[in-house]
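Protein chains in written order, with the numbering used here: chain A, 29 to 392; chain B, 29 to 392; chain C, 29 to 392; chain D, 29 to 392.
What follows is a single structure, written as structure tokens, with notes after it.
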């Protein structure tokens, strides 16, 4: 099930960077969810490179829905979305058939696919494939919205500069979803862009941390022992190129706390059971507790840099010097956030459906 | 597939803390792997509480293999291991049917299981269930050993104190696997124990970070887009109670690096392709590159503390004060490391088998 | 997922005929289903050999529930049932380590497990394993009953003798479930027993056809394209030893009909949409239509016969003569019917849960 | 996993009869398999209606490979094939939004998809979707061929007329794969076509039985208890519209045999272990024994007939008279055989890969 993820709601992705198209199939979605093509386009535009800090390859992302939607609503059968690859310059990548770009999958792809891999532009390992995930994710986000659930991600850290924390989660999410560079504090946003440009000027790149919050997700969802909310989200999130760490709530900071600090005290507020802190990120024992779900992802610096790098020619098994040409992003973190939103939305739909399934068997 | 994990090799776990037994089924393992019951017992002893820094509940962990082993070797059919629960004092936990222990799953279990959950001692959410995983993991570790692969974990950080980094990975793994408190530097080990005792004296608990290395794992293994080595390992690791973050290689530190630092340059050493640094933790594009696989897990402080805590009575929906009695660990990090080794070993067997399956279809 | 079956509700089986125990885990069942140990025992007694037409090996089938049940109700966590093997005479089977019994899996097990298989009494391929399925199935049947659904199987054909067809399905099911030799017409029942005894007198065995009906199962359940009601049921049913054919409704007889005969005309009866015939077995397009689900299974004759048979010694690769000793059934069809009921009940719970999950995502 | 099937090698299908396209994704296939577009086209032509006994809707089946193939070989990543729907006349089907065609899924689709289903031409339930399976299956057949395995299907029975049995399986397969109407005996072929035309003249339709043989498939393949060769094949085969029964070897005829007849005696021939009969269809205990795999499928008569039929208007819940117009096949059995070949080839690749995976974990 290499390129398919999920149990009740599942996502299948396909495509190579320089092949005819990338695409995704979203299956198991309930019938009757309104499909807003403008919203899909808007989500795709958040992932599309733009401005000085992005690659010069501009993809139009004209998507086509091939199945599963009828008269503007999901039918309940597989939804297939295809995004043709148009602005492809394969000549730039010919060296990849033998030179391993550091931080990329050229060499490991060679090992796994024995030389039959489509090496152009990273092939199936290209971030290009995530465009299809974003299109599919837009439908999952609509499904969640239909049940009153909102989701948003900010750049918590980039090039060593940190955004402010989430405060009022619902309104913060609304603010973020209207931004193309998703930082809560405007001044910090400007500083981050400058830092990215400084790296770009050095022929280098930067990484960062993306933090996501989910508002109004029902309590009692998650399928331990193994299909915990944390486990299933992390599994899918690590499929996104460049993600090298995933943590929930206070995550790695919990390692330095004592139990009396880390335990979120339960309380009652407005007649509902809440916790007065949220170090657990809204999840206890792998199951949601009704507080906002909060998680963050480590995004490594874009591996494609213009600085000269040492590497190997894996066909001739000899060392080599690599100087990349072509079109590359000095940062992808601002583009990755909508991919994270999309993956998270699909996983959360799946977990909701599984909870609904179990409950539907309870005695009448 | 809530309590079953894996594709070609899979693990199913069952049991409640105060029920008759916990257990595990390991299916899909090749026939012909020698099953060493002494090694299973030794692994269980690493998880068993011992000494001043552990709970006074001492479990004997007499395991019984009910199926899948014949004349000392795996048969290829499901291997079932059952560990009876003996030293059970359920009276201590009666409050849990209504008081939510902060940091525990009592409240979320109630939401999910609608009051039918076995609340005694955390029920199915108890760390007790991990004993069965350790027994199953011992067989997976034997399978890996039969192919020359070694795996070990150290306490990288505990109570704010850090161990030295891995240096010679193979010999470090050997050293760690002979220790009950797995710290590479002896003096740091003593300091950590003192810090745990200090927390215990305060009626409090500590957490930490566990770092794992895998030596000699083949290159070219992993099933992207979704069944990346990172994704599958993280999915299973988050099933272990108390894990709130998982990162690979330099993980969250990568967020602050530039591409020129973070990219591991390829090189040739002893006729083999290697990388001169290992920020990626031995994984590019979700596929192993032949370098040691390195990952670390954030372990939150044990939520059971003796300090009085604010909470709610979720049956009557009113606030309450909670003072835990019973037997609790001020730290579980030293016991959790063998659980992580076990989970990782099972997942790595699964990924190896999947690679073997794909390759077996190549034209002759 | 070799020994695990199902998506939302799943069954894992383990054990060998002459190992310590057989058992099953049923996961994904809703919490709050009453577990009636007497009913489990009663179902096991239907599978247990009895009387002149069965093997002299009488198994007591003392089962133990190790997890997932608390205070008499399912908790929602994995339900583990273990049945120890007591009356084991392994000496009778020593030849199986080298002589392939015709119609058995000795030779194919050798090919697959490379000589590490537990060959005693058929090992994991023994019908003994189905006892655990029956115990788990009893809980699934209780879950269905809690939603008003009934299920029963009759011996439609045995040794060339046919039972009458189902007429009033609900009352026929009630009648069958009270019988140990499940034939609707008493006289035919007697004739079948005589035919089995005649075969036994010849040192031979017989097979037959089991037909199952499900009453009051909701319409609209099934997950095409691949998880059709037919496909999922057949998949699981073929896991039962001796099943070599599965058909729905009129099945293979449809091959000889014209469309105008085979198409079940829709009609309205009592305000509900029904079909006036049920050649489709209650399933159109893989989805239930509200009519009784009807399917039948071909049960091959028990392969263990006392007549001398030609075979091979697969260790020495030479022909051999085989004369079985030990305890063998001249027919297992009367015992197999409760296994079919059990497998069907588990699969139907799974399909119900999946439908519930999808519907739970529809907009509010 | 409704529209995805398989474990190591898996197939996902999508599309509606009157939507933009149908398609399939085949994932998990090894890299390095030559993709012959002419062979794909040839296979599609076998499924395409032709001549007097087929619908007048002629589909061109121009397929496009969107991913997973590079320089003429599979890459090891998901292979996506899309077949646009061109010759669509939706107006013919407008009644289906309310009138349930007997034998079709219109009513059950309504129940499951709550009115959001694409009802035109059967939507996702249309046999049209099987075109995509045939295209994907052509690649699986090539993979099998690369390992010396052949597969073919004949019309064993149609309109009450029976073909001769398989004799020399390898050459029979070769003969069948060159025919568009796959009957081994020419005269019988003519008689069948006449019988189909006779039914067509009556405004009626016929069904039949398709029997498939697989030559040179390795022994020792299959994943019991649940992923038996029988179970997995049947599961997938029942996904094909119109299949209502699946049997292996002598199947339902075994029900009337005695053990001494049904048991296939083992023998040695040419130094290999064989069976002198093949009632088991090459499978013992769910595992292949090295003899040809033989199975057959009951194909119900095409439900679309021109005769007037009684039905209901399920929107208004009232009875109605239905007279179909449009383009319909009096028989689809001759077109279905290549669908069965395709599904079987994909499933057999999956089972081969799983066996390879398990074996790859054996100690070195």
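Positions of the beta carbon are idealized from the N, C-alpha and C atoms, including for glycine.
Note: residue 294(B) is bridge-paired with 303(B) in the DSSP secondary-structure output. Taken in chain order, the members of the segment 32-54 of chain A whose beta-carbon sits within less than 7 Å of a beta-carbon on chain D are 32, 38, 40, 42, 43, 44, 47, 48, 49, 51 and 53. Excluding sequence positions up to five before and after residue 341(C), its CB lies within less than 7 Å of the CB of 126, 127 and 348, all in the same chain and listed in chain order. Residue 198(A): member of the alpha helix (DSSP H) spanning 197-205, first to last residue. Here residue 53(D) is not near residue 35(D), since their CB atoms are 8 Å or more apart.
Residues 126 of the same chain have their beta carbon placed closer than 8 Å to that of residue 344(B), with the five preceding and five following residues left out of the count. In the structure shown, residue 214(A) falls within a helical segment according to DSSP collapsed to helix, strand and coil.
Around the Cβ of residue 215(D), a 10 Å sphere holds fewer than 16 other Cβ atoms; the residue is exposed. In this structure, the beta-carbon distance from residue 271(A) to residue 327(A) falls below 8 Å. Contact annotation: in the segment 222-234 of chain A, residues whose CB is within less than 9 Å of a CB in chain B are 227, 230, 231, 232, 233 and 234.
About 17 Å separates the beta carbons of residue 389(C) and residue 247(A), which is beyond the 8 Å limit, so they are not a contact pair.
Taking 9 Å as the cut-off between beta carbons, the residues of the segment 139-150 of chain A near chain D are 140, 141, 142, 143, 144, 145, 146, 147 and 148, in sequence order. In this structure residue 369(C) is buried. Its beta-carbon is surrounded by 16 or more other beta-carbon atoms within 10 angstroms. Of all residues in the segment 336-363 of chain B, only 337, 338, 339, 340, 342, 345, 346 and 347 come within less than 8 Å of chain A when Cβ atoms are compared, listed by chain position.
Counting only runs of at least 3 residues, the segment 259-296 of chain C fully encloses the following beta strand (DSSP E) elements, listed from N- to C-terminal order: 271-276. Pairing residue 59(D) with residue 105(D), the inter-Cα distance amounts to about 8 Å. The beta carbon of residue 301(B) falls within 8 Å of a beta carbon belonging to chain A, placing the residue at that interface. Under the three-state reduction of DSSP output, residue 111(B) falls in the strand class. Proximity to residue 330(A) across 360(A), 217(A), 207(A) and 336(A) peaks at 360(A), based on C-alpha coordinates. When DSSP states are grouped into helix, strand and coil, residue 74(A) belongs to the helix group.
Each residue's CA atom was taken as its position, placing residue 194(B) and residue 283(B) some 21 Å apart. About 5 Å separates the beta carbon of residue 269(D) from that of residue 155(D), a gap short enough to meet the 8 Å contact definition. Shown here for residue 305(A): same chain residues with a beta carbon closer than 6 Å to its own, the five before and five after excluded, namely 292 in chain order. Using beta-carbon distances, residue 71(D) does not count as an interface residue toward chain C, since no partner is under 8 Å.
Contact between the segment 158-166 of chain D and the segment 182-192 of chain D is absent, with fewer than three C-beta pairs closer than 8 Å. Between residue 181(A) and residue 94(A), the CB-CB gap reaches or exceeds 8 Å. Ranked by how close their Cα comes to the Cα of residue 147(A), the residues 225(A), 244(A) and 132(A) have 132(A) in first place. Counting the other Cβ atoms within 10 Å of the Cβ of residue 44(B) gives 16 or more, which makes it buried. Chain-ordered, the chain A residues with CB closer than 8 Å to the CB of residue 293(B) read 130, 337, 338 and 339.
Chain-ordered, the chain D residues with CB closer than 9 Å to the CB of residue 296(C) read 340, 345, 346 and 347. Ranking 50(A), 358(A) and 33(A) by CA distance to the CA of residue 231(A) puts 358(A) first.
Taking residue 337(C) as the centre and dropping the five residues before and after it, the same chain places the C-beta of 130 and 350 closer than 6 Å to its C-beta, in chain order. Within the segment 116-187 of chain D, the complete beta strand (DSSP E) segments of 3 residues or longer fall at 178-186, listed in chain order.
Of the residues 97(A), 320(A), 112(A) and 96(A), the one whose Cα lies closest to the Cα of residue 89(A) is 112(A). Here residue 218(A) is exposed: its Cβ has fewer than 16 other Cβ atoms, across all protein chains shown, within 10 Å. CA-to-CA, the gap between residue 76(C) and residue 367(C) works out to about 11 Å.
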